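Residue numbers (the working numbering), protein chains in the order written: chain B, 47 to 414; chain X, 26 to 293; chain G, 642 to 922.
Following: one structure in structure tokens, then a few remarks.
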Amino acid sequence: MKPAHAIPPSHNVEAVASLLQIRSLAKRFGAHEVLKAISLDIASGEFITLLGESGSGKTTMLRLIAGFEQPSSGEIWMNGERLDTLPPYKRRVNTVFQQYALFPHLNVRDNVAYGLRVTNAPGGEVGARVNDALSMVKMDAFASARPATLSGGQQQRVALARALVNRPLLLLLDEPLSALDANLRKQMQSELKSLQREVGITFLFVTHDQEEAMALSDRIALLRNGALEQIASPREIYSRPATAYTAQFIGQTNLLHAQVHVGSATCGALRWPAAGPDGAALFSLRPEAIRLHGHVANNGGEFRNPENSVDDVRFSAVIKQQLYGGASELLEVNCGGQLLRVKLAARGPLSGMQDFLFLATDAVRVAE
Amino acid sequence: MSTAATHAIRRAPLLAAYSALVFAFIYLPIVVLVVYSFNRDGVGGFPPRHLTLDWYRQLFGDEAIWTSVLNSLIVATYSVALSLTLGLLAALALDRASFPGKPLFRRLVLLPLILPGIITGLSLLMFAVSVGAPLSLFTVFLGHGTALISVATTELFAGLQKMDRAQEEASLDLGATPLQTFLRITLPNLKLSLVAAGLLIFTLSMDEIAVTFFLIGRDNTLPLEIWGRLRRGITPEINAISTLIFAASVILIVIWFHLRIRAQREAI
Amino acid sequence: MYSRAYKSIVSVPPLLWVGLFLLLPYGLMLAHSFWIVRDGFLVHHWTLHNYRTLVTNPVYAEVLLRSMRIAASVTLCALLLGYPLAYYLSFHAGTRKEILYQLVIVPLWVSYLVRGYAWKTILGSDGVLNGFLQYLHVTSAPVGFLLYSPFAVILMLTHIYTPFVFLPIYAALEHIPRPLVEASQDLGAGPLKTFWRVILPLSLPGLLAGATFAFVLSLGDFLAPLLVGGASGTMIANIVQSLFGAAYDWPLGAAISMCILLITVSLLFLTERLEKRWSFR
């Protein structure tokens, strides 16, 4: 039975069917406002990440969707029905916990079967579905093992299988990779991504690691102090950050405090064509957008020819520091008092005054 | 700050009501006891009328009771000293040494904790008789000390486990001998455990009946003195002394609890 | 890290003491159980006479069984009171947890005798409870069975041991990581199913420890029967006590004590085994 009123649309509605609608969701703990009236839509089948520092409210939001917290105000809707009024055991949502929360007194198979058994799934089905889930995460051989005997990565897979076997409409992942070491993390990221594509379930992933968010997500929702800073695809959020915070949080950037006057922005000795209203403005310029003038990278880094072009902005700067990073160099340069970071493909030590250039369009105007 | 980690506490009214009933059950006799110690007409009947301090006055004039209190205090103090010393050594031995029969030793040390007092008391009685020792406060002291080693050992062992081993290693590294390390590092770290264990042993010794029953000579401890009077009949004077014991216990346990909290906070 | 001298110094004194004042006395008791009393004198004549008496004379078996029944009842009642209380404190008490915990512990420190005496005054024919019932006109005459019966013994011992049972159960419940409870609910199990499938199994070691403690100590208790048990509430430890007192038969008393010791040690052994199996660390 459809609800009497239509669900009010938000400006984030995707062309694809919207699975979860969050409307002005807010949460207070005592006097502290952890979430401030957030609205957002999650599309069916997408891999969306809630990204933010600790204290940004991302974990709270996840727990509100899972049902372990009650909203102070606002609503959550799923498939035309109110979700936030349901207790967690009645929601078609499952969670992969940060420390996996595997039941120590049950073996792997019983852990995975737990959700099916408590919801009285038909007995014959349980065995087959559990086996499928275990082979999906490549843990078939460990079916009789106890969680305490497994490594972190193995426990994580079991936790994943335990959640997915119930075929939830939405899977919540609470920083599931943060306890793993670096190499295992990269491997699990790749596996998670392909797993999501394979099963087609909507994933809501929470992390503070922006590289992880960029690698995995279809969309990133950046949270800051309980509010939604920006929500966009990884490429868009990286190249078109809306605010200075976004520009600095995701990747590295140079924040230029400039004055715009009649289509031209000035920041110290730098000057470049810029659109938009006159006045003080902030610009984000990524370090890798700055190149050495007259040089072409010899290992495929740049594909622009070094000839002058109308959009090129040239400047000279003194190299103050050079950090070698294997495939790249990170330079700190001083352009007439303005410090800039420049990222170049590895080319050996540099020093003294050098000529640099960047595309005017790479200087993105951002809000405060 | 970790507000996101705290999960919502659900109300459970039925369980809360049941818990309140259990609390009432636990406290009811004590409340009755205290109230009737002020009742002029003695124990019994309902409701208590005519509140009076007569029974307390009578209590304060009762020589025998106060002698037994003194006896109990002496025994308790010595028992604390004995149990803490041996318990500390036993805890250190269990924590750091390995020797043949260690599992048996561990079980033996902890046995009096769970064994009914009558068995420990009787076996010590047989021992005293076989060596020809007369029963007296001294035998009582030996009984308490032996029975309560387990309490000291348990508490101190836990304290040792919580201690940062690296501190002792650092002390040795800086040139201190094992003895200096023990006195300057190990003992101070165990300070709170020692005091907590001491308080517990003191209270248990003051209240000990089962073991004392079989080892007592002419001089009574407080519980045995009360016991003797109980056999002769109930007087509210006993209520009065019981109320005083209750008040003393409450004070002790509040102190003990705060020490526990401090120990937990200071543990790294 | 610890020298042999260090290890010797810390192990030898307690070993000696325990050997002298625990092992030796228990050994003496064992020896006594194989001796007999003739003409009022203890004779060191090795015999199984005492144990044969225990097996053949039905009185002892009856009292032992009664004692075990009482101990089992006490354990059951203490669990029924203590477990829900521990559960409430651990999962539902929130910020009041600490204070409530303190409140549960306080009676433990109040003299056993004091608490027993309190029950005596409450349950007697002239006691507070009867007075209360008559005051409310629920009854018109004193109810006799309250005092000097197995019921009174069970009541008093339950009162004594409920906090003892509470302690290890509470500790075990506190050790259960809360994410496990959330995970269970996340997977579709309501509060009841979560309790049955997750919380209860993981609290079993604590439950076992508390139950063993209550059972063993109730079994060997002789003071409660003397205070409130009367003739019908006599327990096995009272028989032992009288055998060491007026009824002077130390060997027989020792034999019964060894039985109690055997029961205790077997139970401890059993629970240790079970705890290892059920501890899931």
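Don't be surprised by glycine CBs; every beta carbon is placed ideally from N, CA and C.
Everything numeric in this text was worked out from a predicted model, so none of it was measured.
Min CB distance residue i to chain G below 8 Å
| i | result |
| --- | --- |
| B/H151 | yes |
| X/Y103 | no |
| B/G161 | yes |
| B/T131 | no |
| X/P248 | yes |
| X/L167 | yes |
| B/F114 | yes |
| B/N125 | no |
| B/N271 | no |
| B/D299 | According to the sequence as given, residue 299 of chain B is Thr; it is not Asp. Chain G contact via Cβ: absent. |
| B/G347 | In this prediction, B/G347 has a pLDDT of 49, which is less than 50 and means its spatial position is unreliable; nothing more can be read from the coordinates. |
| B/V342 | Note that B/V342 has pLDDT 49, beneath the 50 cutoff, so the model's placement of it is unreliable and no number is given. |
| X/V176 | no |
| X/L133 | yes |
| B/N380 | no |
| B/N177 | no |
| X/P61 | The residue you asked about is not Pro; residue 61 of chain X is Tyr in the sequence shown. Yes, X/Y61 counts as interfacial toward chain G. |
| B/T141 | yes |
| X/F85 | no |
Where residue i meets chain B, residues with beta-carbon distance less than 7 Å
| i | result |
| --- | --- |
| G/G735 | Those do not exist, as G/G735 stays about 13 Å from chain B at its closest Cβ, beyond 7 Å. |
| G/K613 | Nothing can be reported for residue 613 of chain G: it is not among the residues displayed for chain G, which extend from 642 to 922. |
| G/A830 | Y135, V164 |
DSSP beta-bridge partners of residue i
| i | result |
| --- | --- |
| B/Q202 | B/Q202 is not bridged to any residue. |
| B/R360 | B/L403 |
| G/V857 | Partner(s): none; G/V857 has no beta bridge. |
| B/M124 | B/L66, B/E127 |
| B/Y370 | B/E375 |
| B/E79 | B/R74 |
| B/G325 | B/V306 |
| X/N64 | X/L76 |
| G/T780 | Note: G/T780 sits in no beta bridge, so no partner. |
| B/R337 | B/L403 |
| B/A89 | B/S64 |
| B/R411 | B/F329 |
CB contact check: residue i to chain X, cutoff 8 Å
| i | result |
| --- | --- |
| G/L915 | no |
| G/I763 | yes |
| G/Y800 | Rather than Tyr, the amino acid found at residue 800 of chain G in this sequence is His. Output row for G/H800: interface = yes. |
| G/T905 | yes |
| G/F662 | yes |
Cross-chain neighbours of residue i in chain G, by beta carbon under 7 Å
| i | result |
| --- | --- |
| X/V236 | What X/V236 touches in chain G: nothing, since even the nearest Cβ is about 11 Å away. |
| X/I251 | L754 |
| X/P72 | Y776 |
| X/Y43 | P725 |
Partner residues on chain G for residue i, Cβ-Cβ distance less than 9 Å
| i | result |
| --- | --- |
| X/L181 | Within chain G, no residue comes near X/L181; the closest Cβ sits about 11 Å away, beyond 9 Å. |
| B/Q145 | P818, P820 |
C-beta neighbour in chain B for residue i, strict 8 Å
| i | result |
| --- | --- |
| G/I840 | no |
| G/A813 | no |
| G/L833 | no |
| G/L843 | yes |
| G/L823 | The question names Leu, but residue 823 of chain G in the sequence shown is Glu. With 8 Å as the cut-off, G/E823 counts as an interface residue toward chain B. |
Neighbouring residues, chain X, relative to residue i (Cβ below 8 Å)
| i | result |
| --- | --- |
| G/M670 | I144, L147, S148, M151 |
| G/V747 | S274, V275, I278 |
Per-residue contacts from residue i into chain X (C-beta, under 7 Å)
| i | result |
| --- | --- |
| G/H673 | M151 |
| G/S652 | A118, A122, F124 |
| G/V684 | Neighbours of G/V684 on chain X: none; closest Cβ ~15 Å, over 7 Å. |
| G/W750 | T228, S274, L277, I278 |
Contacts of residue i in chain X (Cβ-Cβ under 9 Å)
| i | result |
| --- | --- |
| G/P804 | I51 |
Integer Cβ distance of residue i from residue j, believed to fall under 8 Å
| i | j | result |
| --- | --- | --- |
| B/F149 | G/V839 | 6 Å |
Cβ of residue i within 8 Å of any chain C Cβ
| i | result |
| --- | --- |
| X/L114 | Absent from the structure: chain C. Protein chains present are B, X and G. |
Return the chain-ordered ranges of every alpha helix (DSSP H) run that is complete within the region 104 to 172 of chain B and spans a minimum of 4 residues.
Listed in chain order, they are 104 to 112, 154 to 164.
Let me know the alpha helix (DSSP H) ranges lying completely inside the region 276 to 319 of chain B, each 4 residues or longer, listed in chain order.
Counting only runs that start and end inside the region 276 to 319 of chain B, the alpha helix (DSSP H) elements of at least 4 residues fall at 280 to 285, 290 to 295.
Quick one: which unbroken alpha helix (DSSP H) runs of 4-plus residues sit fully inside the region 122 to 187 of chain X? Chain order, please.
Fully enclosed alpha helix (DSSP H) runs of 4 or longer: 127 to 139, 142 to 155, 162 to 187.
Give the list of continuous alpha helix (DSSP H) stretches no shorter than 4 residues that lie fully inside the region 226 to 259 of chain B.
Runs of alpha helix (DSSP H) with 4 or more residues, each lying fully within the region 226 to 259 of chain B, are found at 228 to 245, listed in chain order.
Let me know the alpha helix (DSSP H) ranges lying completely inside the region 197 to 229 of chain X, each 4 residues or longer, listed in chain order.
DSSP runs (the alpha helix (DSSP H)) wholly in the region 197 to 229 of chain X: 203 to 206.
Which ranges does the beta strand (DSSP E) cover as unbroken runs of at least 3 residues, wholly within the region 668 to 693 of chain G, from first to last along the chain?
Segments of the beta strand (DSSP E) lying fully in the region 668 to 693 of chain G: 677 to 679, 682 to 684.
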